[in-house]
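Number of protein chains: 2
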Amino acid sequence: MSETATGHTRGGDTRARIQQVALGLFAEQGYERTSLREIAERLGVTKAALYYHFKSKEDIVFSFTEDYFSEFDEMIAWAREQPPGPASRYAIVERYLDIVERGSEVFRFLERNQATMRGIDGGKHRFEQFRPRFAALIDVMIGPDADLRTRVRATMALLTVNFGWIFFSRDDPDLVPDPLDPAELRAVVLEIANSLANP
Amino acid sequence: MSETATGHTRGGDTRARIQQVALGLFAEQGYERTSLREIAERLGVTKAALYYHFKSKEDIVFSFTEDYFSEFDEMIAWAREQPPGPASRYAIVERYLDIVERGSEVFRFLERNQATMRGIDGGKHRFEQFRPRFAALIDVMIGPDADLRTRVRATMALLTVNFGWIFFSRDDPDLVPDPLDPAELRAVVLEIANSLANP
DNA sequence: GTCTATAGACGGATAGAC
DNA sequence: GTCTATCCGTCTATAGAC
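Chains as they are written, first to last, in my numbering: chain A, 1 to 199; chain B, 1001 to 1199.
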């Protein structure tokens, strides 16, 4: 049974297929509960083959998170250059949504494996890098000396993007009974996030 | 070194101490990355002793989540009896905050171990029970046929309680630089949550 | 690039003495 | 109620053939 999730049997970049399958399983079942054997089986190869492409299990995680974090960093740098004000805050929220949208699977993985990823890599926190970036982005939006109320509002504005997208855009039959229009969701999320960031 | 987090060396209910220590470690390092050996060491006992009080590792989790879920269920039943309207929505948010406040450590654990807890217990989802309850509470607040905008707003109202409390009430030096007044946080969270639930 | 085979460690869980 | 000792399974990772 060497059929893969993406349908092809051979020819595609193996490294990328490993990343895809691993990310999916890590997000669904958890990093620790997913063995390399299981990943290999899904791809129709053996564990040893994985070690040709990645030097460790952690390295697989590192490979698919680094792009995501790079994008995040570029975005923060860009945000710092914007003039303070409501228009910039809206633009930041909108661009943040773009990132979450494109990296939604990575985000789901990070969200669901927080405890596991903390303190991995011997405390260097190579993977628990979401929070500091998130905090930095909030500081850019409201300045370092904003009061608690403003800070919580800004935090919830960004979390509306995260959870609005993750909860409602796909897999959650509990929360979203009917299939739903992505464009409508996007509009709703942006409106609510903006009302929090620009009261 | 048999000193415990709570300070006493002996005499207290061992079962409860196991729960406390396990919950703390599970929340901090993750369920899978915390071994029974480590829990036992912190308590100054051996692994075997834990098996006198709990029949398995999963059983420890079950023991400290069931109270939390019971409280949640009572709260949902109570909410169903309230007359629909803004005042009830506010009351629901307020009572929800009480639960999150008291069970904040359990909540942190669930939040950070989502992927691991999914599909534990062989797919019976004994532990992945937060989402369905969360969804039920939202339905009570806005009714089953509310539009997407109303639904996302209600969702974010409750998440403001969750994250407002978890992010800002303690351990997050990234997000909250200065020590902060719990009463003020409570007021801010309630105000923002209410503005989302009752626009 | 992928395989077989295996090393080496550690985990959860149990038996039975005290 | 807690201990010592141990079983057995699984996992990550590596060595070396093809």
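Glycine is no exception: its CB is placed at the ideal position from the N, C-alpha and C atoms.
Closer than 8 Å at the beta carbon, the chain B residues around residue i
i, result
"A:Ile192", "Arg1149, Val1152, Arg1153, Met1156, Leu1196"
Boundaries (first-last residue) of the alpha helix (DSSP H) holding residue i
i, result
"B:Tyr1090", "1086–1102"
"B:Asp1179", "For clarity, residue 1179 of chain B is Pro in the given sequence; the question names Asp instead. Element bounds for B:Pro1179: n/a, residue is neither H nor E."
"B:Asn1162", "1148–1169"
"B:Asp1114", "Sequence check: residue 1114 of chain B is Gln here, not Asp. Taken as a continuous stretch (DSSP letters only), the alpha helix (DSSP H) holding B:Gln1114 covers 1114–1117."
"A:Lys47", "47–53"
"A:Glu41", "36–43"
Residue i (DSSP reduced to helix, strand or coil)
i, result
"A:Gly11", "Any reading at A:Gly11 must be qualified, since the residue scores a pLDDT of 49, below 50, and its modelled position is unreliable; no value is offered."
"B:Asp1145", "coil"
"B:Ser1063", "helix"
"B:Phe1107", "helix"
"B:Glu1184", "helix"
"B:Arg1033", "coil"
"A:Ser56", "coil"
"A:Gln20", "helix"
"A:Glu74", "helix"
"A:Ser195", "helix"
"A:Leu137", "helix"
"B:Pro1132", "helix"
"B:Leu1175", "coil"
"A:Phe127", "coil"
"A:Thr6", "Confidence at A:Thr6 is low in this model, with a pLDDT of 39, below 50, so the placement of that residue is unreliable and no value is reported for it."
"A:Leu190", "helix"
Proximity of residue i and residue j at Cβ, strictly below 8 Å
i, j, result
"A:Gly24", "B:Thr1116", "no"
"A:Asn198", "A:Pro86", "yes"
"B:Gln1129", "B:Phe1064", "no"
"B:Glu1096", "B:Val1161", "Here residue 1096 of chain B turns out to be Tyr, not Glu, going by the sequence shown. The answer is yes: Cβ separation under 8 Å."
"B:Arg1163", "A:Leu159", "It is worth fixing the name first, because residue 1163 of chain B is Phe in this sequence and not Arg. Against a cut-off of 8 Å, the Cβ pair of A:Leu159 and B:Phe1163 comes out as a contact."
"B:Ile1166", "B:Arg1108", "yes"
"A:Ala40", "A:Ala49", "yes"
"B:Ile1120", "B:Glu1058", "yes"
"B:Ile1076", "B:Ala1136", "yes"
"B:Val1021", "B:Arg1042", "yes"
"B:Leu1148", "A:Leu148", "no"
"B:Glu1081", "A:Arg33", "no"
"A:Arg89", "A:His53", "no"
"B:Phe1127", "B:Val1061", "yes"
"B:Arg1112", "A:Gln114", "yes"
"B:Leu1196", "B:Ala1157", "yes"
Neighbour list for residue i in chain A, Cβ cutoff strictly below 8 Å
i, result
"B:Arg1042", "Those do not exist, as B:Arg1042 stays about 16 Å from chain A at its closest Cβ, beyond 8 Å."
"B:Glu1184", "Leu148"
Interface partners of residue i on chain B, CB under 7 Å
i, result
"A:Arg33", "Glu1032, Thr1116"
"A:Phe222", "Nothing can be reported for residue 222 of chain A, as the shown portion of chain A is limited to 1 through 199."
"A:Val188", "Leu1148, Arg1149, Val1152"
"A:Arg112", "Gln1114, Ala1115"
Listed by chain order, chain A residues near residue i by CB distance under 7 Å
i, result
"B:Gly1164", "Val152"
"B:Leu1159", "Leu159, Phe163"
"B:Leu1097", "Under the 7 Å cutoff, chain A gives no residues; its nearest Cβ is about 13 Å from B:Leu1097."
"B:Leu1180", "Leu148"
Under 9 Å from the C-beta of residue i: neighbouring residues of chain B
i, result
"A:Glu71", "Within chain B, no residue comes near A:Glu71; the closest Cβ sits about 20 Å away, beyond 9 Å."
"A:Gln29", "Ala1115, Thr1116, Arg1118, Gly1119"
9 Å Cβ cut-off: residues of chain A touching residue i
i, result
"B:Leu1036", "Correct list: empty, because the minimum Cβ distance to chain A is about 15 Å."
"B:Leu1175", "Arg131, Phe134, Ala135, Ile138, Arg151, Thr155"
Closer than 7 Å: residue i CB and nearest the ligand ZN heavy atom
i, result
"A:Arg89", "In the structure on display, the ligand ZN does not appear, and there are no ligands present to speak of."
- Do the stretch 143–153 of chain A and the stretch 1174–1192 of chain B meet, that is, are 3 or more Cβ pairs less than 8 Å apart? yes
**Message:** Check whether the stretch 87–102 of chain A and the stretch 58–75 of chain A are in contact - that is, three or more C-beta pairs closer than 8 Å.
**Reply:** yes
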